[in-house]
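A short write-up of the structure that comes next.
Protein chains in written order, with this note's numbering: chain G, 1 to 458; chain W, 1001 to 1154.
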């Protein structure tokens, strides 16, 4: 099958092409080996021989029956399909918007409007201006998280009051731990467990809840400097792959890998996938993204555990003692120990105590019949204090995960505090500025208030 | 060491899987996704968001009532601990998110935060308050407020 090119179009295309992609001397005859086409098709050179094979394992991803192993046939089939009249969700232009846009640009094809109801609605709802690579740090006690996890956050335009990053969507690719339990079960443990993978679009607050609150992992947000057209291209390609099979490989084609492919598609020439040799460990991929000059800014979002630790650390010693006593049931929320404090001091004690009780409930399963009434009293009491200053935010750790030297060190260094250790409330082993002896809060509900006097802090 | 796992089934166009607060298909994929850990404070809906969950005066089925309130209800069902915490403090990103979901203009944000903090004990009368009851209380508080009532009008 030949390319439906006229001479004039080919000339225009060549001029356009050489202006942007000098490295690849393309002709219509070899357009199928253009790096962008290979990226969009997820083609990789075969280990043996000179052929190419796509990593997509789904017939629906190809328009040619030989598409899996023939970039040339796939390109020809795509060219023909996108030039068919009409539109609608099943039209090739709607199924493969990134391929469509690129081919039209390369070959100077007329870019008539096409009606793609599902894709247009999806695209509009994602409403994305910036893309942020989010890295969930590892912690030591969970083998499945040893190497961290990465996902992409799709940030809405920040120039209006409707913007809210908690409501932003995220794209993640992860092993599916329980595909039969629920097709929507969030799957992250499967990375080491031998499960199928899924790509899911989910709101950021769900990810925060999962990683920050439940798994107690810090999140690092690396906002990429992709332009709006690059962001749009990434979304278009996400649409192309999001309901397609991709075999999940244990170490290389894993959660981080598929995201790198999306970034490569967004900015041709980035070639992040070339960095992948034998494995794609999330903390390494963050470093590759940074080294490729893709990061615009970095933001740190501490886990619930880190935040609690910081809050308790910030309190003066005597107030920390009070917090411990309240959490243990020695001291009443409206007791004299609290009443003697200023409103400002009392606000911080109540805040820290609530966060600590919440942490213990989620992490250590404090019984609800103890934790819930106490939590409620703390909040009611706190709501009576107006105009209290916020506690200073958790300082960023001095070493970020992308600043480590190798994978193994990073996984240890970023382990923050060991889980069990923290549940004894050894204060802030992960914060580098810690001084003095460790402190711990008693975990069990102690003896009655009248006998106790004060909490038995070591 | 190849192909340990095959078959990455991606959530597809067919499901239009947006887990956003809101109506319609977005709400559906919420079922079964929470409940990984118990909420501390309020009794929630055991991790699922269903029509039977909310005894809202505004009505609960579909989107024929105030979609903003529905969105807020969904958000609170999943984040009740953090919303309650921010509410008691009178500020915080979860409180801001409620304001965004209700479409509260910047000019009204201060009074929005103040009303919720001042009436915390009304919104959460006890430790067993469900997120649905809290939403009901918020709606009726806002309805009584001259500048804020427009955000919860059906």
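Quick reminder that beta carbons are idealized off the backbone N, C-alpha and C, glycines included. In this text, all values refer to a predicted model and were calculated from it rather than measured experimentally.
* **Simplified DSSP state of residue 1147(W), which is helix, strand or coil** => coil
* **Cβ pair residue 1135(W), residue 1073(W) closer than 9 Å** => yes
* Asked: Going straight from the alpha carbon of residue 236(G) to that of residue 77(G), what length do you get?
  -> 19 Å
* Asked: What is the rounded straight-line gap between the Cα of residue 221(G) and the Cα of residue 310(G)?
  -> 20 Å
* Run through DSSP, which three-state label would residue 169(G) get? -> strand
* Is the shortest distance between the beta-carbon of residue 1037(W) and the beta-carbons of chain G less than 9 Å? -> Its pLDDT being 41, under 50, residue 1037(W) is placed unreliably by the model, and the measurement read from it follows with that caveat. So yes, residue 1037(W) belongs to the interface.
* Identify every residue that forms a DSSP beta bridge with residue 34(G). => BP columns for residue 34(G) are empty, so no partner.
* **residue 54(G) - partner residues in DSSP beta bridges** => 43(G)
* Is the Cβ of residue 462(G) closer than 9 Å to any Cβ of chain W? -> As displayed, chain G neither begins before 1 nor continues past 458, which places residue 462(G) out of reach and without an answer.
* Relative to chain G, which residues along the segment 1116 to 1135 of chain W have a C-beta separation below 7 Å, given in chain order? -> 1117, 1120, 1121, 1124, 1126 and 1127
* To do: Taking 9 Å as the cut-off, decide whether the C-beta atoms of residue 1117(W) and residue 1076(W) are in contact.
  => no
* **Min CB distance residue 1151(W) to chain G below 9 Å** => no
* To do: Following the continuous beta strand (DSSP E) through residue 299(G), name the residue where it begins and the one where it ends.
  => 295 to 301
* **Whole-angstrom C-beta distance between residue 164(G) and residue 1129(W), which should lie under 8 Å** => With 8 Å as the limit, residue 1129(W) and residue 164(G) do not qualify as a contact, their Cβ atoms being about 25 Å apart.
* Asked: Mind checking residue 30(G): buried by the 16 CB within 10 Å criterion, or exposed?
  -> exposed
* Under 9 Å between beta-carbons, which chain W residues line up against residue 149(G)? List them in chain order, please. => Chain W residues near residue 149(G): none, gap ~15 Å exceeds 9 Å.
* Just mark residue 398(G) as buried or exposed, buried being the case when its beta carbon has 16 or more other beta carbons within 10 Å. => exposed
* Based on Cα-Cα distance, which residue from 299(G), 56(G), 325(G) and 70(G) lies nearest to residue 134(G)? -> 299(G)
* Backbone CA spacing between residue 63(G) and residue 74(G) [nearest angstrom] -> 6 Å
* At 3 residues or longer, and completely inside the segment 201 to 255 of chain G: list those beta strand (DSSP E) runs for me, N to C. => 219 to 224
* Spatial neighbours of residue 69(G) in its chain, beta-carbon cut-off 6 Å, leaving aside the 5 residues before and after -> 53
* To do: For residue 376(G), return the contacting residues in chain W, with the cut-off set at a CB-CB distance below 7 Å.
  => 1041, 1124, 1126 and 1127
* Asked: Taking 9 Å as the CB-CB cut-off, is residue 383(G) touching chain W?
  -> yes
* Helix, strand or coil for residue 370(G), going by three-state DSSP, please let me know. => helix
* Asked: Helix, strand or coil for residue 149(G) per DSSP?
  -> strand
* Outcome for residue 152(G) when other beta-carbon atoms lying within 10 angstroms are tallied against a minimum of 16 -> buried
* Asked: Would you call the segment 1100 to 1110 of chain W and the segment 388 to 398 of chain G in contact, with 3 or more CB pairs under 8 Å?
  -> no
* Which term fits residue 112(G), buried or exposed, when burial requires 16 or more other beta carbons within 10 angstroms of its beta carbon? -> exposed
* **Any chain W beta carbon closer than 9 Å to residue 276(G)** => no
* **chain G contact residues for residue 1081(W), given Cβ-Cβ distances below 7 Å** => 358
* From the DSSP output, in three-state form, read off residue 103(G) for me. => helix
* Asked: Shorter than 9 Å from the beta carbon of residue 1084(W) to some beta carbon of chain G?
  -> yes
* Asked: Using CA coordinates, which residue listed in 149(G), 167(G) and 150(G) is at the minimum distance from residue 157(G)?
  -> 167(G)
* To do: Could you tell me which chain G residues have their CB closer than 9 Å to the CB of residue 1096(W), listed as they occur along the chain?
  => 164 and 166
* Return the Cβ separation of residue 256(G) and residue 285(G) in integer angstroms, given the expectation that the two are a contact with Cβ distance under 8 Å. => 4 Å
* Taking C-beta pairs closer than 7 Å, name the residues in chain W that residue 373(G) reaches, listed in chain order. => 1127
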